[in-house]
Each structure stands twice: as structure tokens, then as C-alpha cells.
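A short write-up of the structure that comes next.
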Amino acid sequence: MLNDQDIMDSQQGVSLEDITDRFHLLQHHVDRLPSLTSDTDIVVDMIRKGMSHASNVATDLEELGDSTMLASLEDALKESIDLEYTINQHKAAFMKLRADVGDGLEKFDAYFDQDMQQYNAKSDKDKYYEHEKYTEFKQLVWSVNHPDSPMPALGFDDTKMENGGGDDDDDDVVIAATKKSLKCPLTTTWFENPVTSKSCKHTFSKAAIIGLLERTLSPTVVCPMPGCRQVFDKQSFYDDTLMERLVARAKEAEETNARSEQFHDVV
Ligand SMILES: [Zn+2]
């Protein structure tokens, strides 16, 4: 659906709404069904690169103390997550349409609108807080000024606590505050190319966990973390870009400290 010119346009400051508006079904789109999947994947890839870039800019803004710009950047990230979902759902609706294309184009809108209504009715928690790019953004911003303390749960509103809190609104605490080690439990050194299990969220250096899988004769292995019984294979992991950045920042901080200590020693 998008040609190269469209993609170039979208990289030159076209708004998210402009892109969303392009996702309406026309007959010539149906004629091009076979190329739809690759177009969608290219656009989603662009959006996700933008999300990663937002996290970089966010840490700069936090360092500068520019909370206004940071808040609008976070809003833009949420819009990007909505857009990513919209585009993926557009693709899913196409796939359903292709399965029974005899029922005509009107089914497309039914499939698409129904799902989008459900999505739009969801809370911020369901839409954003478990999206790995959103947690990456929040974690990186938090770590600028709180390098040694764990990030509070996303959606945690301390004004509610002061007012007594205690209602059953599950938006209150959605992701437990956790402080993950920056070192691989298998190599006991800084994570290198960290990968995280989609199911149990345990993180390992890629080479270490791949090595473990390859030394095991069966195609699956039980998670090596004590007490974790999750079984996984090579497909169970995603590249953990958040952990990669946190390690890079920690290494940077360590080098800065080492340099200033050397300086003091000389004095
Ligand atoms: Zn595990």
C-alpha cells in the first residue's frame, strides 16, 4: 500500500494521523494483496525505530530537566504504540478478508472497526504498560536520576496512596517494581547482546543461552534461573534493547567514576 515515495514522505514530517488516514481499503489495495505484508512490516519497523529514538531523546530531556518536552515525547510514544497496533490490526483484518474475500469489501471495515473499538476502549495499562518499548522508555528516563533505585510500578499514582488508596482499581499497580541485575547469571559478567525470555522475563547474554541450548541434545531447555521451571527454545527470546542500553549506561558511569578516582589519586 505504501510505495517508496510514501515512505520518504512519512520520514519528512508527515504526522501520525496522515499515515493512519492512508490505511483505508480501496479496490487497488485488494489487487495488491500479495505485497501487503511486506509493506506493513516496513512501516512497523520504521515506527519501532522511532520508538527507540524517542527513548534516547527522552534521557537527554530528563538530564536537562525539561519535563514539558518529556511529557509530549511520552504522548508521541503512546501515539506510536497506537499506530503500530492499528497497522498490525489492519494487516490482520486483511488476512481475514483474504480468507473469505467472496464476502466483499464491507467485511474489511467490520473486522477492522470492531477490533479498533475494543482497542480504543482499553485502559493505558492494557495498551501501553506491557509494551516493551514503553517500559524501555520509562525505565531509561527513570535511570537518569535514579541509577541505584528500582523504578516504581508503571501506573502507580502516589496521590491515591496518600488519600488512603485501597480501591480495587487494577490500574493502581500494574508492573511490579523490579531491579534486574545488569550481569548475566550464566557468565556473571555484563550482559552482552542480552536476550529475554518472552514467558518468564529472565535475561541472558545471547551467546551464553544459545550455547546452553546447543549443548543440550533436546531442542528445549529448562530456564537455568533457580526456581524457574519455564521451558524454552531459541524462539522464546527477544533482543532486550532496554537491558543493552542500561548496561551501556552503567559501563559509562563506571568509567567516569574510575577516571575521576584516578584524578583524585594524582592530587
Ligand atoms: Zn526463567
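The sequence shown: position 225 = 225 (the UniProt record's numbering), numbered continuously. Every residue gets a Cβ at the ideal spot worked out from N, C-alpha and C, and that includes glycine.
Straight across, the Cα-Cα distance linking N257 with S52 is about 27 Å. Between the alpha carbons of K122 and D82 lies a distance of about 11 Å. For S236, the secondary structure class from DSSP, reduced to helix, strand or coil, is helix. Secondary structure at K127: helix, using DSSP grouped into helix, strand and coil. The shortest CA-to-CA distance from Q114 to any of V195, Y129, K96 is the one to K96. Counting C-beta pairs with one atom in each stretch, the segment 217-234 and the segment 187-194 have fewer than three that are closer than 8 Å, which means they do not touch.
Our two residues, D75 and N145, have alpha carbons roughly 21 Å apart in a direct line.
Burial is judged here by how many other beta carbons sit within 10 angstroms of a residue's own beta carbon; D240 has at least 16 and is buried. In the three-state DSSP reduction, T135 falls in the helix class (H, G or I). Note on geometry: alpha-carbon atoms of M243 and L77 lie some 19 Å from one another. Among the bridge pairs identified by DSSP, T203 is matched with T196.
With a cutoff of 8 Å on beta-carbon distance, A208 and L182 are scored as not near each other. Excluding sequence positions up to five before and after Y134, its CB lies within less than 7 Å of the CB of L77, I81, Y128, all in the same chain and listed in chain order. In this structure, C184 has its beta carbon at no less than 7 Å from each heavy atom of ligand 1.
Contact between R229 and V221 fails: their C-beta atoms lie close to 12 Å from each other, not under 8 Å. In the structure shown, K180 adopts coil according to DSSP, grouped into three states. A distance below 7 Å between beta-carbons, with the five flanking residues on each side excluded, links A54 to the following residues of its chain, in chain order: L73, A76, L77, F137.
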